[in-house]
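Worksheet: the structure to be examined is printed underneath.
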RNA sequence: GGCGUCGUGGCCAAGUGGCAAGGCAAGGGUCUGCAAAACCCUGAUCACGGGUUCAAAUCCCGUCGACGCCUCCA
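In our numbering, the protein residues as written are 18 to 480.
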């Protein structure tokens, strides 16, 4: 069966066929680094990480670029406020975001281009646009001439006439058309600036992605992604710029994730209703957020709430507990047969669901079915050997989702001491000193250690 | 006003023409000294109103409601 992806450009699911068989080029728009990133940004990075992992699982070799916008009005504004150079401010937040990506178990991109490191290519592209009649300069600024781009608006399904009618922006009189957008901005005194044929200035927002995508992945790419709030104007303008220069379709598949919602509204910096990644990770492990993303569909809004977090935590725990070792010595033929069937059903169901536009929630259902089958077999006294194939598959698919099979160790040095305590407690239990052993278990629970007893002895894990 | 998405059990959510996956929570049970985990059992006709069809949550029309974009935004 073939992988199908919903393409924003055509508004339908299409069979995925990369430009080069077996290889995928994917460009994802990253954050503008002027402040702490929030869980909405994390959601986007997680969505495309899951997509990438699945593509790799399907055997594709993926070249993945994610950019950082490290120069723009907000960065300059913020840097001035804080009193440090804009470059330094950007650097700080880039490092912070890199750390978050690691904590979130996001596979590192192949390249992380930044606007400020691609200025010559940007100048060159703007020059080409000018030569082709797609750009014009006014007092050191350079604008893209939308009226020369016949299919402008095709991504977002807008027409120039409609947008004029609804335009809320105060129109810059120097522009030929209200929708013309900046390719290059003349710098004001004290702002970061680079030399250019139009005088000192800096790149506009959209041009950097066109340039970096072309520079690192080629004139045409397979997947271009980002949040759906970027469809217009950002991606629309990227298409306009790139295709006006190359004359070829830019990206084959435009993939957009839905927005994280908090209290019924889109989470965003400008609205101020946000939870930073840092804040989230201080209370929960990264996989919990990933679980939230996996349990919904990437194109729809994802509601962020305490309830949803708790549900994700429990669900994650359930998958992991299914990986606990077997305790028995064998498995009846009938039960073994049924487990084998579940393995096949899981493999097929998971792949089919994911092939359908990365239906992670659907695929997740099969993982839980497998988890139950494993637990059933374990309860029936399955041996390690009997359980291994099923557990291996679960482990593999959790890996495709980017979920860790164990909680990242914290307080790892304490493990030997906890082992000791649990052993001591075993003695207490053998002597039927229930009050004492219960007390010990309660006290350990207060310290975050969950002790569980069974007929074969006691085990413990971090809560 | 324009473009787009969505409305499924208490919560999250899959399913987009043929008897409504899964997870969390809840209740009952098995196991257990107790607890936990695990296992078994229990619940929805799919916002509302029309229509098409042998058959609709799933297609069409309308209504109501929510959200996103049209300005920086993942």
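Cβ coordinates follow ideal geometry from the N, Cα and C atoms, glycine included.
Within 10 Å of its beta-carbon, does residue i have 16 or more other beta-carbons around it, so buried, or fewer, so exposed?
i: residue 239; result: buried
i: residue 434; result: exposed
i: residue 135; result: buried
i: residue 350; result: exposed
i: residue 474; result: exposed
i: residue 377; result: buried
i: residue 170; result: buried
i: residue 476; result: exposed
Using alpha carbons as the reference points, say which of the options lies closest to residue i.
i: residue 48; options: 77, 89 and 74; result: 89
i: residue 175; options: 250, 80, 369 and 142; result: 250
i: residue 80; options: 168, 465 and 129; result: 129
i: residue 443; options: 457, 432, 431 and 430; result: 457
i: residue 202; options: 222, 299 and 41; result: 222
i: residue 244; options: 211, 309, 217 and 315; result: 315
i: residue 28; options: 432, 247, 173 and 356; result: 173
i: residue 311; options: 354, 367 and 131; result: 367
i: residue 470; options: 478, 147 and 463; result: 478
In whole angstroms, what is the alpha-carbon distance linking residue i and residue j?
i: residue 191; j: residue 425; result: 56 Å
i: residue 321; j: residue 279; result: 5 Å
i: residue 468; j: residue 461; result: 8 Å
i: residue 330; j: residue 305; result: 6 Å
i: residue 324; j: residue 333; result: 14 Å
i: residue 342; j: residue 296; result: 34 Å
i: residue 318; j: residue 275; result: 5 Å
i: residue 308; j: residue 284; result: 19 Å
i: residue 131; j: residue 86; result: 6 Å
i: residue 8; j: residue 82; result: The chain is shown from 18 up to 480; residue 8 falls before or after that span and cannot be answered.
i: residue 33; j: residue 248; result: 20 Å
i: residue 348; j: residue 119; result: 40 Å
i: residue 242; j: residue 93; result: 26 Å
List the endpoints of the continuous alpha helix (DSSP H) containing residue i.
i: residue 287; result: Run containing residue 287: none; DSSP gives neither H nor E here.
i: residue 432; result: 432 to 447
i: residue 328; result: 323 to 338
i: residue 361; result: 350 to 372
i: residue 258; result: 253 to 263
i: residue 32; result: First-last for residue 32: 29 to 32, but that is the beta strand (DSSP E), not the alpha helix (DSSP H).
For residue i, collect the residues of the same chain with a Cβ closer than 7 Å to its Cβ; drop the 5 residues on either side in sequence, then sort them by chain order.
i: residue 446; result: 454
i: residue 231; result: 259
i: residue 197; result: 160, 161, 162 and 163
i: residue 388; result: 335, 336, 339 and 411
Span of the beta strand (DSSP E) holding residue i?
i: residue 476; result: 474 to 479
i: residue 165; result: Residue 165 -> no beta strand (DSSP E), and no H or E assigned at all.
i: residue 396; result: Premise fails: residue 396 lies in the alpha helix (DSSP H), 377 to 396, not in any beta strand (DSSP E).
i: residue 471; result: 466 to 471
Is the closest heavy atom of the ligand ADP to the C-beta of residue i under 7 Å?
i: residue 388; result: What this structure holds is no ligand at all, so the ligand ADP is not there to describe.
For residue i, which residues in the same chain have their Cβ closer than 8 Å to its Cβ, ignoring the five residues on either side in sequence?
i: residue 301; result: 326 and 330
Tell me which residues share the same chain as residue i and place their Cβ nearer than 6 Å to its Cβ, disregarding the 5 neighbours each side in the sequence.
i: residue 144; result: none
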